[in-house]
Amino acid sequence: MSQKSWNLLIYRVPAQPSTKRVYIWRKLKGWGGLYLQQSVCVLPQQEPLQQQLEKLKLEILEAGGEADLLTVTIADPEQNSLLIQKFQQQSDQEYKEFLGRCQDFHKELAHEREINNLTFAELDENEVELGKLRSWLPKIRDRDLFDASSYATALAELTACEEDFQTFTQQVFEAQES
Numbered sequence: 015m016s017q018k019s020w021n022l023l024i025y026r027v028p029a030q031p032s033t034k035r036v037y038i039w040r041k042l043k044g045w046g047g048l049y050l051q052q053s054v055c056v057l058p059q060q061e062p063l064q065q066q067l068e069k070l071k072l073e074i075l076e077a078g079g080e081a082d083l084l085t086v087t088i089a090d091p092e093q094n095s096l097l098i099q100k101f102q103q104q105s106d107q108e109y110k111e112f113l114g115r116c117q118d119f120h121k122e123l124a125h126e127r128e129i130n131n132l133t134f135a136e137l138d139e140n141e142v143e144l145g146k147l148r149s150w151l152p153k154i155r156d157r158d159l160f161d162a163s164s165y166a167t168a169l170a171e172l173t174a175c176e177e178d179f180q181t182f183t184q185q186v187f188e189a190q191e192s
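Residues 15 to 192, numbered by my numbering, are exactly what the sequence shown covers, in order.
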């Protein structure tokens with residue numbers, strides 16, 4: 015992939031209250047932004063992101079801050095590749111955390127089976143946890159702007175969690191029937 019144009023947001027907001035700084039950071043991270051240093055964030059130049067960044071710039075200015083939104087072009091293909099790799103590494107780190115939570119989910123179901131705690135309350139509790147996994151993966155995918163390699167593994171692991179939960183559901187049903 016050879017992205018050449020990038021949006022670079024350089025901003026400064028008043029130190030207090032910190033809620034505005036946190037709000038901006040969360041917005042940029044939620045869009046998949048890569049921080050090059052404090053208050054310097056880069057995103058690929060894409061129309062939806064461009065509009066969101068322009069709106070955020072106005073919010074920063076309205077809050078009494080300073081903001082420059084620049085479009086930069088990197089002519090060197092190697093530098094573009096390195097930047098894309100940083101985006102992919104950022105996404106892979108999120109997928110790694112997701113996979114850890116999936117492992118925790120399997121361990122929890124295994125533990126409940128081991129202690130024969132096959133109750134509706136446990137089923138309900140684990141269904142909530144599965145719901146969190148189901149809603150989290152698409153959010154990570156939305157921030158994954160350059161198709162990090164771990165997505166396929168994360169998707170397969172979510173499917174495995176769903177299958178394990180279905181098996182657990184059947185076991186709870188059978189335990190309640192007997």
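Virtual Cβ for every residue (Gly too), placed ideally from N, Cα, C.
From a predicted model like this one, the values you see are computed outputs, not experimental measurements.
Non-local beta-carbon contacts of I74 in its own chain, meaning distances under 7 Å to residues more than five positions away in sequence, involve Y25, V27, I38, A81 in chain order. In the pairwise beta carbon analysis, the segment 112 to 132 is classified as not touching the segment 77 to 91: fewer than three pairs are separated by under 8 Å. About 20 Å separates the beta carbon of F182 from that of L151, a gap too long to meet the 8 Å contact definition. Under DSSP, A81 takes part in a beta bridge, and its partners are Y25. C-alpha of F119 to C-alpha of L137: approximately 12 Å in a straight line.
Collapsing the DSSP output to three states places W20 in a strand.
According to the DSSP secondary-structure assignment, P58 is paired through a beta bridge with W20. Within 10 angstroms of the beta-carbon of G47 lie 16 or more other beta-carbons, which makes it buried. Distance from the CA of Q107 to the CA of R157, rounded to the nearest whole angstrom, comes to 12 Å.
Taking a 10 Å sphere around the C-beta of R40, we find fewer than 16 other C-beta atoms and assign the residue as exposed. If you check the CB distance, N94 and Q64 do not come in under 8 Å. Secondary structure at Q102: helix, using DSSP grouped into helix, strand and coil.
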